[in-house]
Each structure stands twice: as C-alpha cells, then as structure tokens.
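In this note's numbering, the protein residues as written are 79 to 259.
Note that CB positions come from ideal geometry on N, CA and C, so glycine has one too.
See structure below.
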C-alpha cells in the first residue's frame with residue numbers, strides 16, 4: 079500500500095528527473111532545427127552555383143550572369159551585404175607553339191560581392207583580367223601565370239570548364255552559439 083507521504087516523494091523524484099533531462103531535450107531539438115537550416119542554406123547555394131555555371135556556359139557575359147544571380151539570390155546569399163560570387167572560365171590553350179599549349183589556364187574571371195573571400199582556383203602567379211563585359215585574361219596563350227595548378231588530375235579538360243563559387247556566412251538562428259555549441 080502506498081501512503082500519501084510516499085506518493086509526494088515520487089512526484090518530487092519525477093520533477094528532478096525532468097529537470098535533468100529537459101536541457102538535453104532542448105539542445106537536441108535546437109540542434110535539429112539548426113542543422114535543418116544549414117542544409118537548406120547549402121541547397122540554395124548549390125542551386126545558385128549550378129544556375130551561374132549554366133548561365134556563363136550559354137554565352138551570357140559574366141557581368142550579366144552576376145546581375146541575374148544577384149536578383150535570384152535569397153537568404154543566406156546577399157551579394158550586396160555579406161556574400162561573394164566568383165565566376166571562372168578554365169580552358170586548354172589550343173595554339174600550337176604557345177607557351178601554354180595544351181595547358182589548363184584561367185581565361186576569364188569576375189568577382190562580385192562585399193564578403194572578403196578568395197577563389198579556390200589557384201594559378202601559378204598573378205594575372206590581370208580586362209573589364210566588362212568579357213573579363214578576359216591578358217595574353218592567355220603565353221602568360222604562364224594563368225596556368226591553373228589545383229585541378230584534379232583525373233579531370234580531362236577537353237573544352238571549357240565553367241566554375242561558379244559563392245561564399246557566404248551561415249547565420250545561426252538558435253541560441254546554441256551563445257553556449258559554445
């Protein structure tokens with residue numbers, strides 16, 4: 079037989095157990111929400127980069143493609159405040175006798191946005207690119223500084239490679255960052 083005094087003690091035990099488990103449940107729930115938003119942001123950026131490469135592969139000027147992506151972008155990409163877009167066109171030099179013959183070179187590059195970020199495509203040295211609308215490299219056949227150094231070795235570059243890079247920051251929406259999580 080359970081006495082009323084014993085019943086009161088059980089309620090206290092349940093309250094203590096609940097207060098121990100509640101923070102863990104809250105952290106897990108907020109973590110699921112945060113990961114979901116991070117995956118959504120990744121999906122948005124992937125779609126924008128795909129559309130950017132699609133645009134520049136169809137003979138749209140790099141400046142016009144950047145303008146189109148600027149108007150298509152949504153959270154978390156804001157090219158006017160806190161994000162950066164970089165278009166790169168890589169091609170093989172077909173000119174026999176040129177210093178860059180049959181080498182992958184960076185033939186066009188255009189960057190737009192306010193975030194301070196550098197492209198992951200590396201060349202042998204610094205190079206200059208002309209202005210709008212084409213942003214062509216100066217002397218692409220013979221300027222060896224334009225050679226791309228970090229392409230995968232398994233990549234066979236038969237024509238042109240169109241690369242769109244978008245850099246942005248993922249703002250946390252839950253207060254987990256305040257707790258160091």
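Pairwise C-alpha distance: residue j and residue i
{"i": "residue 246", "j": "residue 161", "result": "4 Å"}
{"i": "residue 111", "j": "residue 252", "result": "8 Å"}
{"i": "residue 133", "j": "residue 143", "result": "6 Å"}
{"i": "residue 201", "j": "residue 212", "result": "19 Å"}
{"i": "residue 214", "j": "residue 137", "result": "13 Å"}
{"i": "residue 129", "j": "residue 240", "result": "11 Å"}
{"i": "residue 227", "j": "residue 199", "result": "8 Å"}
{"i": "residue 159", "j": "residue 89", "result": "54 Å"}
{"i": "residue 262", "j": "residue 236", "result": "No answer is possible for residue 262: it lies beyond the span of the chain, which begins at 79 and ends at 259."}
Cβ-based neighbour list, residue i, same chain, cut-off 7 Å, excluding 5 preceding and 5 following
{"i": "residue 104", "result": "none"}
{"i": "residue 141", "result": "188, 210 and 211"}
{"i": "residue 153", "result": "none"}
{"i": "residue 204", "result": "223"}
{"i": "residue 119", "result": "154 and 248"}
Residue i in three-state terms, based on DSSP
{"i": "residue 103", "result": "helix"}
{"i": "residue 214", "result": "strand"}
{"i": "residue 185", "result": "strand"}
{"i": "residue 128", "result": "helix"}
{"i": "residue 155", "result": "coil"}
{"i": "residue 208", "result": "coil"}
{"i": "residue 225", "result": "strand"}
{"i": "residue 203", "result": "coil"}
For residue i, the first and last residue of its enclosing alpha helix (DSSP H)
{"i": "residue 72", "result": "No answer is possible for residue 72: it lies beyond the span of the chain, which begins at 79 and ends at 259."}
Close beta carbons around residue i, own chain, < 8 Å, minus the five adjacent residues each side
{"i": "residue 126", "result": "147, 150, 151, 155, 242 and 244"}
Segment limits, beta strand (DSSP E) that includes residue i
{"i": "residue 165", "result": "161-170"}
{"i": "residue 244", "result": "238-246"}
Residues near residue i by beta carbon distance below 6 Å, same chain, minus five either side
{"i": "residue 164", "result": "189, 197 and 243"}
{"i": "residue 185", "result": "167, 169, 215 and 218"}
{"i": "residue 195", "result": "162 and 245"}
{"i": "residue 208", "result": "214"}
Proximity test, Cβ basis, 8 Å: residue i and chain B
{"i": "residue 192", "result": "No chain B appears in this structure, which consists of one protein chain only."}
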